[in-house]
Amino acid sequence: MDFALERILQRVQRPARYVGGEYGQVVKDKAEVDVRVAYCFPDTYEIGMSNLGLRIMYGVFNGLGGVWCERAFAPWVDMESEMRRYGVALYGLESGDPISGFDIIAFSIGYELSYTNVLNMLDLAGVAVRSSDRGEDAPLVIAGGVCCFNPEPLADFIDLFFIGEGEDAACEIIGLFRECGDKRDFLEAASKLDGVYVPSLCEAFYNDDGTVGKIVPRQGVSFPVKKRIVADLDSSPFPVDSIVPSTGLVHDRVVLELFRGCIRGCRFCQAGHVSRPVRSRSCGTLVEQGIESLKASGYDELALLSLSTSDYGEIFQLCDGLIQWCEPRRINLSLPSLRADNFSVELMERVQKVRKAGLTFAPEAGSQRLRDIVNKNLTEGELLETCRIAFEGGWNSVKLYFMLGLPFETDEDVVGIARLSQAVLHTWKQHAKSKSRGVRITVSTSCFIPKPHTPFQWEAQITMDEYLRRVELLRASMRSKAINYKWHSPEQGFVEAALARGDRRLGAVIEAAWESGSRFDSWDECFSLPNWASAFEKCGIDPKFYANRERSDDEVLPWSVVTAGVSEGHLRRERDAARAGKKTPDCRELCSNCGVGCVANGK
Amino acid sequence: MENKLRLRYSKVGKSKYLSHLDLSATLRRAMIRAGVSLKYSEGFNPHPYMSVALPLSVGTESVCELMDVGIAEGLELEGLPERVNRCLPEGIKIAEAYFPSRKFSEIAWVEMSGFLYYDESVPYRACERLSARYSLDCIEVKKRTKKGESIIDIASFVCDMAFSESDNIEVAAKLSAQNPTINPANVMDALAGEYEELAPDFTSFKRLELFDSGMKVFR
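Just so you know, the sequences run in chain order A and B. Heads up: the first sequence is residues 1096 to 1698, going by the working numbering. Heads up: the second sequence is residues 424 to 642, going by the working numbering.
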């Protein structure tokens, strides 16, 4: 190991996350490698290594002959300052080589508040942050992940965006990269691939009122860029023999991906819309992958991942198959993302025979009227019935998640959250198996953020003051000490909202915020609203224009350069249905012709 | 003690940055991967029985670590280190596995070596002056314990100390392992105050061997 690095590691928190060397990492012979990829995750090691996408793509890239994919994460602030002081450039964890010498730097971007970390990592690598400042010798900088469904705010920094699921396309992109003489040739050729958006090959024009006038592609580039998906999840690669970090993560466990997409059309949910259509892995494949992953990792926990686990068609067979193998080996099965229905508690009881983890449900809105508006198909009766079964079964802690500021929310809806929480408490009083240990009901609210490619993409976010008013209204309506109300500060949500629906002009703002010290914005201890406010001001841009303004029906949306497959017509129909307070049935019940085109087993 | 197995292993290179908890989890998972059946505790939250002889500071290397693990009956010992080693991350390697006959409490001394680095140049006649410093009959240093800070005299808890010079200073010594535990940082603290000039800017240490109170190698 480099001596300078060794010295600084003695002075930073948790140095193990900066050295690599874990079991399962891929090390290749440099002489047999012609393309070196740095897979960069713009957050800490602990968060990045818990990300299934990283593990899948690490496996996919390294599965290609001649390609060596290494990892890099955002160093925490103490490490960053040591690296800058001693001139240690950002390096790949596997080789320790500076990533500035790699061929491709690939970012996985899952949330808007990591944008400043993207810039910071490029800078720490000694690579110019703006694409236009990077010469032919600089690495190609590409990005994927859910944020790329609106690539425009990062358009100045990223050479190529990949939209959608990358398993199949990785090989094509690397192949093209090898064939092409220079970057420009490559970008032009790559822009013809499905799922590839090259921002330098199009130009944006603006109206006098500040809205986007049009975004014009160069000849030969077709718009909008259509996202890529993996048609058959069962045969797509899954990393059963992945890296086992030696230092503790957020979750140290095997993760199985049951399906992609979601049959529920919750109107606020970006993930549910951009990941359509629903594609499942078969129960047999999952049991096999679960057992193989547990054997290969030595983990004692296995989690089932999807947007709504109770909607997996063969969930009972799957749990039985896994429990049979896990129970004698003392391996816990955990089921995040359960819906608040009776079925879920039955599932929980089956799975959690020893330890009763807390139950978490997300009713999202406090009244039936508003739940119908957002198409969260959950009734109060269902929620209370679920809680009854859970309390009778010995659970005595429930967490409930809500959003404030959903479109068309009234004060009655806000107070409805308190009323619903009270009803949950009442259910406990009536049905608790044992009252001696008391009950803990935690209610938390965050500020709704309208996201691209959802039926609410045209809506305004409520202002921070209005959010705080609603928080106060709700707080004043909570009457029991058994109910603990926590609210997230609206500040991060406000910046996130501006970035989420931003256009190309926000590149300057992101750069200014980063230059004046913003990084790790998703971390409360690092986020600074004043810093962001002055960055917006410096660029002459009003964040409220992006966050708190309702878009007119005919406005050109910056993210219209890409399509997630769901038609604009569907989104508009859903928005109208929301206005009318009408629910839309789930995909299994009735196809709503969203336009995505379901594949084989999507029904 | 038939169901308790003692592992002697090294923890060097990148793995020196693993904390005590990280190391336990890493060894546990490696043994599970290698198919070694562990003995679990009873109760609400079963966990395998694992006990490390002398916890090692993050950043310090060692080629003489000992850990006892509870194992299920009928475990095949033949080839066990090799099997587990194939499942371990860089820098951790099991040298041998055996049924122990002695208790960790009998460990009295830890032999260590290390390097002292100076940003400028090695101070004038450093070896001689360092040797003189550590030959005094009373060497008082501040030591943090659970009860707070106290001043202790480490003179009788450090022995066979030797220095040699090349580009930097190499040091070797045996330190009291338990009651009290003296670690290299405590020893370096003796260079505060009037000996400041001899205090290095960076150090690295490695544990080499464990001894009992009669200076016989402990296994």
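Backbone N, C-alpha and C fix where the C-beta goes; we use that ideal spot for every residue, glycine too. Fair warning: this is a prediction, and the values are worked out from it, not measured in the lab.
DSSP three-state assignment for residue i, whether helix, strand or coil
i                       : result
residue 1173 of chain A : helix
residue 1435 of chain A : coil
residue 437 of chain B  : helix
residue 1509 of chain A : helix
residue 1272 of chain A : helix
residue 1216 of chain A : helix
residue 1376 of chain A : coil
residue 1449 of chain A : Because the pLDDT at residue 1449 of chain A is just 49, under 50, the model does not fix this residue reliably, and the point stays unresolved.
residue 1443 of chain A : helix
residue 1654 of chain A : helix
residue 584 of chain B  : strand
residue 1609 of chain A : helix
residue 618 of chain B  : helix
residue 1528 of chain A : coil
residue 1627 of chain A : helix
residue 491 of chain B  : strand
residue 638 of chain B  : coil
residue 1697 of chain A : Because the pLDDT at residue 1697 of chain A is just 41, under 50, the model does not fix this residue reliably, and the value given afterwards should be weighed accordingly. Coil, per DSSP.
residue 1482 of chain A : helix
residue 1319 of chain A : coil
residue 1520 of chain A : helix
residue 1581 of chain A : strand
residue 1427 of chain A : strand
Neighbourhood of residue i by C-beta, 8 angstroms cutoff - its chain only, sequence neighbours within 5 removed
i                       : result
residue 1341 of chain A : 1111, 1116, 1117, 1118
residue 1208 of chain A : 1587, 1590, 1591, 1594, 1616, 1617, 1622
residue 1173 of chain A : 1106, 1107, 1108
residue 1346 of chain A : 1145, 1396, 1398
residue 1510 of chain A : 1461, 1568, 1569, 1572
Beta-carbon proximity list for residue i, same chain, < 7 angstroms, skipping 5 on both sides
i                       : result
residue 631 of chain B  : 486, 487, 534, 535, 536
residue 1757 of chain A : Outside the displayed span of chain A (1096 to 1698) sits residue 1757 of chain A, for which this structure offers no information.
residue 1100 of chain A : 1183
residue 1424 of chain A : none
residue 1504 of chain A : 1465
residue 1444 of chain A : 1488
Beta-ladder partner(s) of residue i, from DSSP
i                       : result
residue 1337 of chain A : Per DSSP, none; premise fails for residue 1337 of chain A.
residue 1360 of chain A : For residue 1360 of chain A, which the question treats as bridged, DSSP gives no partner whatsoever.
residue 519 of chain B  : B:431
residue 571 of chain B  : B:568
residue 1679 of chain A : None; residue 1679 of chain A has no bridge partner.
residue 1257 of chain A : A:1291
residue 463 of chain B  : B:471
residue 1130 of chain A : A:1162
residue 535 of chain B  : B:596, B:630
residue 1301 of chain A : A:1307
residue 1498 of chain A : A:1541
Proximal residues to residue i (C-beta, below 6 angstroms), its chain only, five neighbours per side dropped
i                       : result
residue 514 of chain B  : 435, 436, 437, 438
residue 1449 of chain A : The predicted model places residue 1449 of chain A with a pLDDT of 49, which falls under 50 and marks its position as unreliable; any figure quoted below should be read in that light. If we look at residue 1449 of chain A and ignore the five residues flanking it on each side, it has no Cβ neighbours.
residue 1296 of chain A : 1286, 1313, 1316
residue 1140 of chain A : 1112, 1168
residue 625 of chain B  : 540
For residue j and residue i, believed in contact at Cβ under 8 angstroms, the rounded distance
i                       : j                       : result
residue 600 of chain B  : residue 531 of chain B  : 6 angstroms
residue 1337 of chain A : residue 1150 of chain A : 5 angstroms
residue 567 of chain B  : residue 613 of chain B  : Not quite, the Cβ-Cβ distance comes to about 15 angstroms (not below 8 angstroms), so this is no contact.
residue 1540 of chain A : residue 1486 of chain A : Not confirmed; about 23 angstroms, so no contact.
residue 1199 of chain A : residue 1135 of chain A : Between residue 1135 of chain A and residue 1199 of chain A the Cβ distance is about 10 angstroms, and since that is not below 8 angstroms, they are no contact.
residue 1158 of chain A : residue 1332 of chain A : 7 angstroms
residue 1220 of chain A : residue 1204 of chain A : Their Cβ separation, rounded to whole angstroms, is 16 angstroms, which puts residue 1220 of chain A and residue 1204 of chain A out of contact at 8 angstroms.
Taking 8 angstroms as the threshold, find out whether the stretch 1577-1584 of chain A comes into contact with the stretch 1673-1686 of chain A through three or more Cβ pairs. no
Taking three-plus beta-carbon pairs below 8 angstroms as touching, is the stretch 1529-1546 of chain A in contact with the stretch 1480-1491 of chain A? yes
Given 8 angstroms, three or more beta-carbon pairs between the stretch 610-625 of chain B and the stretch 470-489 of chain B: no
Could you check whether the stretch 1510-1525 of chain A touches the stretch 1547-1561 of chain A, counting it as contact only if at least three pairs of C-beta atoms, one from each stretch, sit closer than 8 angstroms? no
Examine the Cβ distances between the stretch 1274-1290 of chain A and the stretch 1631-1643 of chain A and report whether three or more of them are shorter than 8 angstroms. no
Three or more C-beta pairs below 8 angstroms linking the stretch 534-554 of chain B and the stretch 442-456 of chain B: no
The stretch 453-463 of chain B / the stretch 1375-1393 of chain A touching (three or more Cβ pairs under 8 angstroms): yes
Is it a yes or a no for the stretch 1432-1443 of chain A touching the stretch 1323-1335 of chain A, going by three-plus beta-carbon pairs under 8 angstroms? no
Can at least three beta-carbon pairs, one atom from the stretch 1151-1170 of chain A and one from the stretch 1637-1647 of chain A, be found at a separation below 8 angstroms? no
Below 8 angstroms, how does it come out for the stretch 1355-1370 of chain A and the stretch 1470-1485 of chain A: are there three or more Cβ pairs, yes or no? yes
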